[in-house]
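Numbering (this note's numbering), first residue to last: 296 to 387.
Cβ coordinates follow ideal geometry from the N, Cα and C atoms, glycine included.
Spelled out as structure tokens, the structure:
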């Protein structure tokens, strides 16, 4: 199945976009907080290893696109909303 040009530019497919949208939706619903990867995965019900790998890739794709910010705090990486929304990035 073909992907959109914007998905191509970001290096994602439909499955990865769904994972990214889910994580982004959760993070922006809690704008006053930042979450570790484990906290996000737990809150979103991501448990198996394959899903966790896809989830991790999605988080870092969003950091690259400034959809999320990442910051290391005491050896743990936390994620918070970035400058852009996922819709702004995927509709460009």
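Taking residue 343 as part of the alpha helix (DSSP H), name the residues at either end of that continuous run. Taken as a continuous stretch (DSSP letters only), residue 343 belongs to no alpha helix (DSSP H), as it is neither H nor E.
Exercise. Would you say residue 330 and residue 379 are within 9 angstroms of each other, going by their C-beta atoms?
Worked result: Going by C-beta atoms, residue 330 is not nearer than 9 angstroms to residue 379.
Go ahead and label residue 296 buried or exposed: buried means 16 or more other beta carbons lie within 10 angstroms of its beta carbon, across all protein chains shown.
-> exposed
### Query
Which residue from 377, 336 and 386 puts its Cα closest to that of residue 327?
Measuring from the Cα of residue 327, the nearest candidate turns out to be 377.
What would DSSP say about residue 301, mapped onto helix, strand or coil? helix
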